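Reviewing the structure listed below.
2 protein chains.
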Amino acid sequence: MHKKLFIPGPVEVREDVLEKMATPMIGHRSKEASKLQRDISDKMRKVFHTKEEILLSTSSGTGLLEGAIRCSTAKRAAVFSIGAFGKRWHQIAECNNVPADLYEVEWGKAADVNEIDKVLATGKYDSLCITHNETSTGVMNPIEEIAEVVKKYPDIVWCVDTVSSMGGTKIEVDKLGIDICLTSSQKALGLPPGMAICSFSKKAVERAKNVKFRGYYLDLLSIYNYIQKKDYQYPSTPSLSHMFAMDYQLDRILEEGLENRYNRHLEMAKYVREWAKKYFELFADERYLSNTLTNIKNTRDIDVAELNKKLGERGFQISNGYGKLKGKAFRIAHMADCTLDDIKELLENINEILGL
Amino acid sequence: MHKKLFIPGPVEVREDVLEKMATPMIGHRSKEASKLQRDISDKMRKVFHTKEEILLSTSSGTGLLEGAIRCSTAKRAAVFSIGAFGKRWHQIAECNNVPADLYEVEWGKAADVNEIDKVLATGKYDSLCITHNETSTGVMNPIEEIAEVVKKYPDIVWCVDTVSSMGGTKIEVDKLGIDICLTSSQKALGLPPGMAICSFSKKAVERAKNVKFRGYYLDLLSIYNYIQKKDYQYPSTPSLSHMFAMDYQLDRILEEGLENRYNRHLEMAKYVREWAKKYFELFADERYLSNTLTNIKNTRDIDVAELNKKLGERGFQISNGYGKLKGKAFRIAHMADCTLDDIKELLENINEILGL
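Listed in order, the protein sequences are those of chains A and B. Per full-length UniProt numbering, the very first residue in the first sequence carries number 1; after that it's consecutive. Per full-length UniProt numbering, the very first residue in the second sequence carries number 1; after that it's consecutive.
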């Protein structure tokens, strides 16, 4: 039996979107391929609220985390982590001999805006890497407040991981001044995993030119140069199947209307939060709750794996706590094409199983 | 109108295989995902004729070229290029600060086995990177002869790019002693682009442990360690759609029988070669012709772009010459699930268009 996914990716993908994954192949050096890839970029710019270039990468979001930090750091990167995925950025820097410092907060808290200000004021850094929405903790960073601080430092190339939020909540890339904003197909965009997307500002282009060892496959500057020169064709063969589905799904997203989409996500988030507060507790700081995922403290000491097993028998799947939170918390994702009715159905089933 | 693809990837993908790309999502941390990924590795081992570990990468083949040369070079890499894709390996090394030397031959020739021997005998190198089948020229390197030489140098980690040959011609990875043999989904395996595959020998594992900066997303050792520890689950979210299709297609490949598959490819290659020699000339050294692609010298000075346009109107697509050979040659791929009848139909159409 298929299980409806309420995990923070891969998300449930609509049947009509899945069908587009089965589109017959075309040559990736054809005019059709150029048009497909240009159309995706045009539509994606609307979702990102940007006029800058959009780059696609046949990889997971992690691939673009690597491309971003390598391309944007000529001097030293300041990585602000609020959980597992923030920390990954620092690990990536270490594996690539990119100088970087890691600044962490306690899990469940948002980034400290004053600390970011102080750290950048040292003048030691030329790039800032931060997670917008941290699925390991359920925290969504106050991106507007952070943007106000970053604007004071014009030499900083700012990279933001919006893997689990882009398309589910408003992120105005140009207005915020984000240089590299990256996301992944299998989260709030409602597509299968396998493709990552980022915006790439002119400032990021100039910085990348000053970085000597940017790698090859994940080098954002080489992708950028190639699509400019070759009418939106990519240096290596991209996952055309994902592109067919992405092009179609972007039409659906824009048809729904971005504001409607954000409101639907917020409405689902509020419903899950109320339920969580009634029966359990929220894990994250209530001022910075994620709109796409709720992390719930296991205050009733339920057997999370057992709950998920029983949910599975009914055709649903949620997530256990991440890493050190396994068993101590559980997570419900409410993103992509999931509806409030889907959420209500899930929570009713959880209530029945737990006898709440 | 859909064009039947006779280009060296993406290849034509069978409808039943495409349909598997539309399989509904599952959690990538589930037991189902482990089973899917383990099954693929088991079946892929048969195609690779290896008992070593199989790694999947959600990327193009270029991604694994990068992972391979970074992981296998602690000292210095010897790159033997016979065309555009061999050279790419050297570019990748340069972009990653991996010490490497490039040894080239004239386009159309195979690698010089004696030169490989001489170069390795210098003791300067600890890795050897070479392309098996070069789609830019139509040459297939004499891999058995090269293997005899490489065996003399036990410190060499040997990486072979079989992107456009694996599954279409016999490559006995273990018998040849290849440490990292890599390929891509959209060539002779008959799948859509978006996933790369490699074998990873124990010698390669040990070497990688001695390389400090292997990168993150394309780090073969970290993928290897992760799938050992987590029952074939991958460090980042893989393209599950490709895995569903790959698992299915591998059953079809093994059902056809590997020897039958190789023979079918050879039969198609011979037919195209005969046609090419009758009306044009072969570009590559006749002793080392590729079994999956034929590069044809444009001795009649035809307008290749115009021919392809007219073929397009009839529902076929071939490839122009690669890079500097554009207009001077054209290429016909005969790989994956293409049949001799498909090839005959294509060539009849070319004959009609050109009035041959």
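The beta-carbon is built from N, C-alpha and C at its ideal position, and this holds for glycine as well. Being a predicted model, the structure only gives us computed values, none of them experimental.
Taking only three categories from DSSP, how would you classify residue i?
{"i": "Y279 (chain A)", "result": "helix"}
{"i": "Q186 (chain A)", "result": "coil"}
{"i": "L191 (chain A)", "result": "coil"}
{"i": "W107 (chain A)", "result": "coil"}
{"i": "R331 (chain A)", "result": "strand"}
{"i": "T237 (chain B)", "result": "coil"}
{"i": "K3 (chain B)", "result": "coil"}
{"i": "N349 (chain B)", "result": "helix"}
{"i": "V11 (chain A)", "result": "coil"}
{"i": "V211 (chain A)", "result": "coil"}
{"i": "residue 361 (chain A)", "result": "One cannot answer for residue 361 (chain A) here, as it falls past the ends of chain A, which runs 1 to 356."}
{"i": "M25 (chain A)", "result": "coil"}
{"i": "K203 (chain B)", "result": "helix"}
{"i": "residue 362 (chain A)", "result": "With chain A represented from 1 up to 356, any question about residue 362 (chain A) goes unanswered, as that position is not in the structure."}
{"i": "L289 (chain A)", "result": "strand"}
{"i": "I318 (chain B)", "result": "coil"}
When you measure from the CB of residue i to every non-hydrogen atom of the ligand FMN, does any distance come out below 6 Å?
{"i": "G67 (chain B)", "result": "In terms of ligand content, the structure shown is empty, and the ligand FMN therefore cannot be addressed."}
Roughly how many angstroms separate the alpha carbons of residue i and residue j, rounded to a whole number?
{"i": "D174 (chain A)", "j": "E144 (chain A)", "result": "12 Å"}
{"i": "F200 (chain A)", "j": "N225 (chain A)", "result": "11 Å"}
{"i": "residue 357 (chain B)", "j": "L56 (chain B)", "result": "Because chain B in this structure spans residues 1 to 356, residue 357 (chain B) falls outside the shown range and cannot be described."}
{"i": "M44 (chain B)", "j": "G138 (chain B)", "result": "25 Å"}
{"i": "R214 (chain A)", "j": "G67 (chain A)", "result": "7 Å"}
{"i": "T122 (chain A)", "j": "K87 (chain A)", "result": "21 Å"}
{"i": "I223 (chain A)", "j": "L64 (chain A)", "result": "12 Å"}
{"i": "K4 (chain B)", "j": "C338 (chain B)", "result": "10 Å"}
{"i": "E172 (chain B)", "j": "V113 (chain B)", "result": "19 Å"}
{"i": "T299 (chain A)", "j": "G327 (chain A)", "result": "10 Å"}
{"i": "P10 (chain B)", "j": "T162 (chain A)", "result": "31 Å"}
{"i": "K151 (chain B)", "j": "E94 (chain A)", "result": "35 Å"}
{"i": "A204 (chain A)", "j": "D179 (chain A)", "result": "6 Å"}
{"i": "M21 (chain A)", "j": "G61 (chain A)", "result": "19 Å"}
{"i": "S165 (chain B)", "j": "Q37 (chain A)", "result": "28 Å"}
{"i": "A182 (chain B)", "j": "S59 (chain B)", "result": "Residue identity check: residue 182 (chain B) is Leu in the sequence provided, not Ala. If you take the alpha carbons of L182 (chain B) and S59 (chain B), they lie about 12 Å apart."}
{"i": "L347 (chain A)", "j": "G257 (chain A)", "result": "27 Å"}
{"i": "A208 (chain A)", "j": "C198 (chain A)", "result": "15 Å"}
{"i": "I227 (chain B)", "j": "Q233 (chain B)", "result": "5 Å"}
{"i": "A336 (chain A)", "j": "Q317 (chain A)", "result": "15 Å"}
{"i": "N210 (chain A)", "j": "D42 (chain A)", "result": "28 Å"}
{"i": "Q249 (chain B)", "j": "N260 (chain B)", "result": "15 Å"}
{"i": "N351 (chain A)", "j": "L307 (chain A)", "result": "10 Å"}
Once the 5 residues before and after residue i are set aside, which same chain residues still bring their CB inside 7 Å of it?
{"i": "I343 (chain A)", "result": "M268, Y271, V272 and H334"}
{"i": "M1 (chain B)", "result": "G315"}
{"i": "I92 (chain B)", "result": "L65, E66 and I69"}
Residue i lies in the alpha helix (DSSP H); which residues open and close that run?
{"i": "T294 (chain B)", "result": "Run containing T294 (chain B): none in the alpha helix (DSSP H); it sits in the beta strand (DSSP E), L293 to K297."}
{"i": "A305 (chain A)", "result": "V304 to E313"}
{"i": "Y103 (chain B)", "result": "From DSSP, Y103 (chain B) is part of no alpha helix (DSSP H) but of the beta strand (DSSP E) over A100 to E104."}
{"i": "S199 (chain B)", "result": "Segment A196 to F200 is the beta strand (DSSP E) holding S199 (chain B); no alpha helix (DSSP H) there."}
{"i": "A147 (chain B)", "result": "I143 to V150"}
{"i": "A219 (chain A)", "result": "Checking the sequence shown, residue 219 (chain A) turns out to be Asp, not Ala. Per DSSP, D219 (chain A) belongs to no alpha helix (DSSP H) and is neither H nor E."}
{"i": "C71 (chain B)", "result": "G61 to S72"}
{"i": "S81 (chain B)", "result": "Note, S81 (chain B): premise wrong, no alpha helix (DSSP H); beta strand (DSSP E) at A77 to S81."}
{"i": "A33 (chain A)", "result": "K31 to F48"}
{"i": "E115 (chain B)", "result": "V113 to A121"}
{"i": "K175 (chain B)", "result": "V173 to L176"}
I'd like the span of the beta strand (DSSP E) that includes residue i, first residue to last.
{"i": "I130 (chain B)", "result": "S127 to T131"}
{"i": "G53 (chain A)", "result": "Correcting the residue type first, residue 53 (chain A) is Glu in the shown sequence and not Gly. Taken as a continuous stretch (DSSP letters only), the beta strand (DSSP E) holding E53 (chain A) covers E53 to S57."}
{"i": "C95 (chain A)", "result": "That residue, C95 (chain A), is in no beta strand (DSSP E); its alpha helix (DSSP H) goes A84 to C95."}
{"i": "V157 (chain B)", "result": "V157 to D161"}
Suppose the cutoff is 8 Å on Cβ atoms and the five residues either side in sequence are ignored; what does the same chain contact list for residue i look like?
{"i": "G27 (chain B)", "result": "A33"}
{"i": "T169 (chain B)", "result": "N133, M140, A188, Y262, H265, L266, N291 and T292"}
{"i": "M25 (chain A)", "result": "L240"}
{"i": "F280 (chain A)", "result": "I296, K297, N298, T299 and R300"}
Once the 5 residues before and after residue i are set aside, which same chain residues still bring their CB inside 6 Å of it?
{"i": "G167 (chain A)", "result": "V47, A188 and L189"}
{"i": "A245 (chain B)", "result": "V17, K20, M21 and L191"}
Is the number of C-beta pairs between the stretch 52–59 of chain A and the stretch 275–290 of chain B that are closer than 8 Å three or more? The stretch 52–59 of chain A makes no contact with the stretch 275–290 of chain B; the number of CB pairs closer than 8 Å stays below 3.
Discussion item. So, does the stretch 156–166 of chain B touch the stretch 121–140 of chain B, judging by three or more C-beta pairs under 8 Å?
Written reply: With a cut-off of 8 Å, the stretch 121–140 of chain B and the stretch 156–166 of chain B count as touching, because enough Cβ pairs lie within range.
Margin query: For the structure I just gave you, are there three or more beta carbon pairs, one from the stretch 290–303 of chain B and one from the stretch 93–102 of chain B, closer than 8 Å?
Written below: These segments do not touch.
Per the contact definition of three or more C-beta pairs closer than 8 Å, is the stretch 77–92 of chain A in contact with the stretch 102–116 of chain A? yes
- prompt: Is the stretch 240–258 of chain B close to the stretch 70–78 of chain B, with three or more CB pairs under 8 Å?
  reply: no
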